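Residue numbers for the sequence shown follow numbering that gives the first Met the number 0, so the first one is 0 and each next one is one higher.
Report on the structure given below.
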Amino acid sequence: MITHFADLELLTVSIEGVKQCYANRLQLPILSESKEFIQFQLTPFTTLSFKEAFEPISPAHFAFQVPYSQFDEAASFIQQSGLLVLRQEHGQYIDETNGRKNLYFRDGDGHLLEIIAHDYVNEDELKASGMLRTLYLREIGFPVDSVPNLRDWLKSNFGMKTEQDQDIFNFVISGTAHAIVVSKQRPWIPIAMKALPPKMAVTFGTPDKGFIDELTKQMDHTFSDDSKKLFILSDGYPFYMEYTPEFSMAMVKNLNLPINL
């Protein structure tokens, strides 16, 4: 079983710009840095990585889960960071609906970021990290031509689940990881941003090494090193699977997430 997103790697046109945004303004610790690469520690279990490239950047969407009780603190930090905070449907910055709060903002490359909180999440299971108060990386968006194709691939190969199958926008979930599989024709809210497929690499974490071994046997397009396997889809998204025993299935269970997911 996949328990979480272990790493998200994106392209950038400026390592220095990324550093100013994520290290200086959002105050994420730098784990690794070179002339063309930088990696930040988002939580003890998840990293954000950026690779410099001489090409246009298609903006990605991703969301950080924060504790419901600390959402206002995290939102205030973002609003004071100097980054662009986005108004939502009725002109407000923070939306609060049925035990859920969220706020959208953008980084220097135009990526659409979000903090989100749900009142059902057990805040005592994971320690909130940094000034963003991040519990885990909750969402990554995957714009595609065919939502059913990628959705069904993730379900059949990675054992991910959906509450219900939809053809325009689907959450495909395992543990804390929510892959948002969305049609390219459906813009990202709240600014109707075109859902262009970003060039990115996503690493899923699993505490079950046998799960990785079984995937390797079943799938054709695999690359392996000591800890990861790479799977490439026809949609062009590369996925890594990493053995991460420190983020256990018991931890996911104790977060009190919806039982059917």
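Ideal Cβ placement from N, Cα and C applies to all residues, glycine included.
No experiment lies behind these values; they were computed from the predicted model shown.
Should the region 69-79 be called in touch with the region 146-162, which here means at least 3 C-beta pairs below 8 angstroms? No, they do not touch.
Between 229, 195, 209 and 100, which has its C-alpha nearest residue 58's C-alpha? Minimum Cα distance to residue 58 is reached at 195.
Answer with buried or exposed for residue 52, where buried requires no fewer than 16 other C-beta atoms within 10 angstroms of its C-beta. Burial call: exposed.
Using 8 angstroms as the cut-off, can you tell me whether the region 97-110 makes contact with the region 133-149, which would need three or more C-beta pairs spanning the two stretches below that distance? Too few Cβ pairs lie closer than 8 angstroms, so no.
Measuring only the C-alpha atoms, how far is residue 30 from residue 94? Approximately 33 angstroms between the Cα atoms of the pair.
Work out the CA separation of residue 213 and residue 91 for me, nearest whole Å. Approximately 47 angstroms, taken between the alpha carbons.
Relative to the C-alpha of residue 23, which residue among 118, 2, 129 and 101 is closest? Closest by alpha carbon: 129.
Under the assumption that residue 36 contacts residue 50 (Cβ atoms under 8 angstroms), give the Cβ distance between them as a whole number of angstroms. With 8 angstroms as the limit, residue 36 and residue 50 qualify as a contact, their Cβ atoms being about 5 angstroms apart.
Give me the residue from 6, 167, 0 and 39 with the minimum Cα distance to residue 14. With distances taken between Cα atoms, residue 14 lies closest to 39.
Indicate the three-state DSSP secondary structure (helix, strand or coil) for residue 181 in the structure shown. In the structure shown, residue 181 sits in a strand (DSSP, three-state: E or B).
As an exercise, report each continuous beta strand (DSSP E) stretch of at least 3 residues that is fully enclosed by the region 42-128, in chain order. If we require 3 residues or more, the beta strand (DSSP E) runs fully inside the region 42-128 come out as 45-51, 60-64, 83-85, 94-96, 99-105 and 111-117.
Other residues of its chain near residue 145: CB distance less than 6 angstroms, five sequence neighbours each side excluded: Beyond the five residues adjoining it in sequence on each side, residue 145 comes within less than 6 angstroms, by CB distance, of no other residue in the same chain.
Start and end residues, beta strand (DSSP E) containing residue 171: 168-173 is the span of the beta strand (DSSP E), which, as asked, contains residue 171.
May I ask which residues mark the beginning and end of the beta strand (DSSP E) holding residue 246? Run containing residue 246: none; DSSP gives neither H nor E here.
So, under 8 angstroms CB-CB, residue 1 and residue 205 are touching, yes? Tell me the CB distance rounded to an integer number of Å. About 5 angstroms separates the beta carbons of residue 1 and residue 205, which is inside the 8 angstroms limit, making them a contact pair.
For residue 189, collect the residues of the same chain with a Cβ closer than 8 angstroms to its Cβ; drop the 5 residues on either side in sequence, then sort them by chain order. Answer for residue 189: 85, 86, 87, 88 and 103, listed in chain order.
If we ignore side chains and look at the alpha-carbon of each, how far apart do residue 83 and residue 114 end up? The alpha-carbon atoms of residue 83 and residue 114 are separated by roughly 14 angstroms.
Pull the bridge partners of residue 38 from the DSSP assignment, please. According to DSSP, residue 38 bridges with 31 and 48.
Under the assumption that residue 8 contacts residue 48 (Cβ atoms under 8 angstroms), give the Cβ distance between them as a whole number of angstroms. So it is a contact: roughly 4 angstroms between Cβ atoms.
Per-residue DSSP class, three states only, for residue 162: In the three-state scheme derived from DSSP, where H, G and I count as helix and E and B as strand, residue 162 is classed as coil.
Please determine, among 239, 121, 112 and 198, the residue with the shortest C-alpha to C-alpha distance to residue 249. Nearest in C-alpha terms to residue 249, of all of 239, 121, 112 and 198, is 121.
Which two residues bound the contiguous beta strand (DSSP E) that contains residue 9? Note, residue 9: beta strand (DSSP E), 3-11.
Can you give me the C-alpha to C-alpha distance between residue 255 and residue 175, rounded to a whole angstrom? Taking the straight line joining both Cα atoms gives about 11 angstroms.
Check whether the Cβ atoms of residue 201 and residue 242 sit closer than 8 angstroms, and answer yes or no. No; because the gap between Cβ atoms is not below 8 angstroms, this pair is not in contact.
With distance defined between alpha-carbon atoms, name the residue in 184, 178, 179 and 147 nearest to residue 166. Among 184, 178, 179 and 147, the Cα nearest to that of residue 166 belongs to 147.
Around the Cβ of residue 43, are there at least 16 other Cβ atoms within 10 angstroms (buried) or fewer (exposed)? Counting the other Cβ atoms within 10 Å of the Cβ of residue 43 gives fewer than 16, which makes it exposed.
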